[in-house]
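Number of protein chains: 2
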Amino acid sequence: MQIAILLFDRFTALDAIGPYQVLSALPGADVVFAAERPGPMGLVSDEEGRLIISAEAALADVPHPDIVVVPGGPGQGDQMADGPVHAWLRAADQASTWTTSVCTGSLILAAAGLLTGRRATSHWLAIDQLAKFGATPVAERVVFDGKYVTAAGVSSGIDMALALAGQIAGDQVAQAIQLGIEYDPQPPYDAGSPDRAPADLVTALRTRSRFILTGHRG
Amino acid sequence: MQIAILLFDRFTALDAIGPYQVLSALPGADVVFAAERPGPMGLVSDEEGRLIISAEAALADVPHPDIVVVPGGPGQGDQMADGPVHAWLRAADQASTWTTSVCTGSLILAAAGLLTGRRATSHWLAIDQLAKFGATPVAERVVFDGKYVTAAGVSSGIDMALALAGQIAGDQVAQAIQLGIEYDPQPPYDAGSPDRAPADLVTALRTRSRFILTGHRG
């Protein structure tokens, strides 16, 4: 079972590594990090520029993965125009069993035309943009619509991957993975969702993101 | 504020990336991935051998980080003997503001002599081993003992790092980071702790880990 995780410059590390940690534990999992332009030695930098991951594969090397995982991140804005990444996503999607995303990765899937008419989620700061691409935004942490599985912001990829693991290999395997990674979350604050975080924080992040997202909206 | 994340062969990806995602968002954070033997191009492989991260620094390049983060993973067993990693940990610890670990990273800290007489936690399958090194095992998700902060298995590094972010920069900054990564966990199962997972799963993982950990106990 080949699982291709798309990397691109300024992806968000946890978007990719959360699902990676879960899905790589599935029986028969063969995970490949793939990028359009791996650069010298296949290196791709995350949003901070401090995490440098080696993408072993070019997109052409993994034409038919069973599972596609698209992370988000500040670099998502550079992946919205039609081109080799969209072409790869569309071709891979024709044969995939599951096509998935975390965070603003769903905007890339949507821009590639893969979420048209489908229910999908994204980071809470970006979810409204899904409608521009013909998808129906659903403010839930993990959204299944047929074989399309989208997750909300960053850390939600862990929840998405566990739910997907359950669909693929059954509840017991998924629970074993959860126990193995001791995923018994105990956040020290209840501030992880805009519904419950302090209102001034939500406003501050919305304001800041307007600057950050301007480039993405280009 | 320099944050050094130790890498070694067969570390567990999420152990390192959970704290990385949180701590790199702190104001003034300067994160460095450091390894004893970075290998050609500084590359270090995780436990699956599929995630290959570039460690920019050798240990000697980061003698005095403000925060030390030690992940765990199957490769932890190779880091238990005294040597350059322990020497670096002891020297770095003398000047650090916080010395931290995730998962079986606490066993490395303990073997280096840094948790003697201290309360600490680890992955639920490994926590009992802390006592062999003079630490007091505490079955909690995140344990603070002075400047020593240890986290339970794999995914707990996110909770640890958020709690630490609160200590360093205040509750509001930590909450903003939590909201930014939309950390509003909704695991699809309640199987993330040995207290609540199905008993047969706990037994199965314990049995399997006896084989895996044999090498570590060597």
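Respectively, the protein sequence lines represent chains A and B. Each residue of the first sequence is one higher than the last, beginning at 1 in the numbering used here. Each residue of the second sequence is one higher than the last, beginning at 1001 in the numbering used here. For glycine and all other residues, C-beta sits at the position ideal for the given N, C-alpha and C.
Mind pulling the alpha helix (DSSP H) runs of 4 or more residues that sit fully within the segment 60-106 of chain A?
Scanning the segment 60-106 of chain A for uninterrupted alpha helix (DSSP H) segments of 4 residues or longer gives 84-95, listed from N- to C-terminal end.
Just to confirm my understanding: we take residue 29/A, look at its own chain, exclude 5 residues before and 5 after, and list those with CB closer than 8 Å. What are they? One-based indexing of the first sequence puts residue 29/A at position 29. If we look at residue 29/A and ignore the five residues flanking it on each side, its Cβ neighbours are 1, 3 and 23.
query = Hey, out of 1131/B, 1064/B and 1014/B, whose CA is closest to residue 1071/B's CA?
reply = Within the second sequence, the letter at position 71 stands for residue 1071/B. It is 1014/B.
Item to complete: Can you have a look at residue 215/A and say buried or exposed, based on whether 16 or more other CB atoms are within 10 angstroms of its CB?
Response: On the first sequence, residue 215/A is found 215 positions in, with the first residue counted as 1. In this prediction, residue 215/A has a pLDDT of 41, which is less than 50 and means its spatial position is unreliable; what the coordinates show is noted afterwards. Residue environment analysis places residue 215/A among the exposed positions, since fewer than 16 neighbouring C-beta atoms fall within 10 angstroms of its C-beta.
- Task: Check distances from the C-beta atoms of the segment 1065-1089 of chain B to those of chain A and list, in chain order, the residues that come in under 8 Å.
- Result: Cβ contacts with chain A come from no residue of the segment 1065-1089 of chain B.
request  = Answer with buried or exposed for residue 94/A, where buried requires no fewer than 16 other C-beta atoms within 10 angstroms of its C-beta.
outcome  = Within the first sequence, the letter at position 94 stands for residue 94/A. Label assigned to residue 94/A: exposed.
My output table needs one value for residue 17/A: the three-state DSSP class, helix, strand or coil. Sequence index remark: in the first sequence, residue 17/A carries index 17 (1-based). Of the three classes helix, strand and coil, the one that applies to residue 17/A here is helix, per DSSP.
(message) Output needed for residue 1124/B: all residues of its chain with C-beta closer than 8 Å, excluding positions within five of it in sequence on either side, in chain order.
(response) Residue numbering aside, residue 1124/B sits at position 124 when the second sequence is read from its first letter. Within the same chain, residue 1124/B has close Cβ partners 1139, 1152, 1153, 1193 and 1194.
Margin query: Residues in the same chain with beta-carbon distance under 6 Å from residue 1218/B, minus the five sequence neighbours each way, listed in chain order, please.
Written below: The residue labelled residue 1218/B in the question sits at position 218 within the second sequence. Residue placement at residue 1218/B cannot be trusted, given a pLDDT of 30 that sits under 50; what the coordinates show is reported in the next sentence. Non-local C-beta neighbours of residue 1218/B in its own chain, meaning closer than 6 Å and more than five positions away in sequence, are absent.
Three Cβ pairs or more, each shorter than 8 Å: is that satisfied between the segment 94-103 of chain A and the segment 160-168 of chain A? Flag = yes, the segment 94-103 of chain A and the segment 160-168 of chain A touch.
*What in chain B is Cβ-close to residue 193/A, meaning under 8 Å?*
Looking up residue 193/A in the first sequence gives position 193. Correct list: 1179, 1182 and 1184.
Using a 10 Å radius around the Cβ and a threshold of 16 neighbouring Cβ atoms, would you call residue 104/A buried or exposed? As a position in the first sequence, residue 104/A is number 104, starting the count at 1. Counting Cβ neighbours within 10 Å, residue 104/A comes out buried, since at least 16 surround it.
My assumption, with CB atoms under 8 Å, is that residue 107/A sits in contact with residue 131/A. Please give the rounded CB distance. Your numbering for residue 107/A matches position 107 in the first sequence. Your numbering for residue 131/A matches position 131 in the first sequence. Beta-carbon to beta-carbon, residue 107/A and residue 131/A are separated by about 11 Å, too far to satisfy the 8 Å threshold.
| request: Measure the beta-carbon distance from residue 1133/B to residue 1073/B and round it to whole angstroms, keeping in mind my assumption that it falls under 8 Å. | output: As a working note, residue 1133/B is residue 133 in the second sequence. As a working note, residue 1073/B is residue 73 in the second sequence. Residue 1133/B to residue 1073/B, Cβ: 18 Å. No contact.
Item checked: Three-state class that DSSP yields for residue 1054/B in the structure shown -> One-based indexing of the second sequence puts residue 1054/B at position 54. It is a strand residue.
> With burial defined as no fewer than 16 other Cβ atoms inside 10 Å of the residue's Cβ, what is the status of residue 150/A: buried or exposed?
Replying inline: Numbered from 1 along the first sequence, position 150 holds the residue referred to as residue 150/A. Around the C-beta of residue 150/A, 16 or more other C-beta atoms lie within 10 Å, and the residue is accordingly described as buried.
Starting from the C-beta of residue 162/A, find all residues in its chain whose C-beta is less than 8 Å away, skip the five residues before and the five after it, and write them out in chain order. Translated into positions along the first sequence, residue 162/A becomes position 162. Only residues of its own chain outside the window of five on either side were considered, and among them 22, 174, 177, 178 and 183 have a CB closer than 8 Å to the CB of residue 162/A, listed in chain order.
Please list the residues of the segment 41-53 of chain A that have a C-beta atom closer than 7 Å to any C-beta atom in chain B, keeping them in chain order. Those would be 41, 43, 48, 50, 51, 52 and 53, in chain order.
Quick check on residue 1199/B: does DSSP put it in helix, strand or coil? Position 199 of the second sequence, counted from the first residue, corresponds to residue 1199/B. In the displayed model, residue 1199/B falls within a helix according to three-state DSSP.
Item checked: Partners in chain A for residue 1153/B, counting only beta-carbon separations shorter than 7 Å -> For this step, residue 1153/B is matched to residue 153 along the second sequence. Residues of chain A passing the Cβ test: 181 and 182.
Kindly provide the ranges of any beta strand (DSSP E) runs that are 3 or more residues long and lie completely inside the segment 141-181 of chain A, ordered along the chain.
Qualifying beta strand (DSSP E) stretches, in chain order: 142-145 and 148-151.
Where does residue 1045/B sit, in a helix, a strand or coil, going by DSSP?
-> Within the second sequence, numbered from 1, the residue matching residue 1045/B stands at position 45. Here residue 1045/B carries a strand assignment [DSSP, helix/strand/coil].
By the three-class DSSP mapping on this structure, what secondary structure does residue 138/A have? Locating residue 138/A in the first sequence gives position 138, where the first residue counts as 1. Secondary structure at residue 138/A: coil, using DSSP grouped into helix, strand and coil.
Interface flag, residue 1017/B vs chain A, CB-CB below 9 Å: Here residue 1017/B refers to the residue found at position 17 when the second sequence is read from its first residue. So yes, residue 1017/B belongs to the interface.
Report task. May I ask you to list the residues that DSSP assigns as paired with residue 1005/B? Result -> Taking the second sequence and counting its residues from 1, one reaches residue 1005/B at position 5. When beta bridges are read from the DSSP output, residue 1005/B appears opposite 1033/B and 1069/B.
> In chain A, which residues lie less than 9 Å from residue 1031/B when you measure between Cβ atoms?
Replying inline: Taking the first residue of the second sequence as 1, we reach residue 1031/B at position 31. Ordered by position in chain A, the residues that pass the 9 Å Cβ test against residue 1031/B are 48, 50 and 51.
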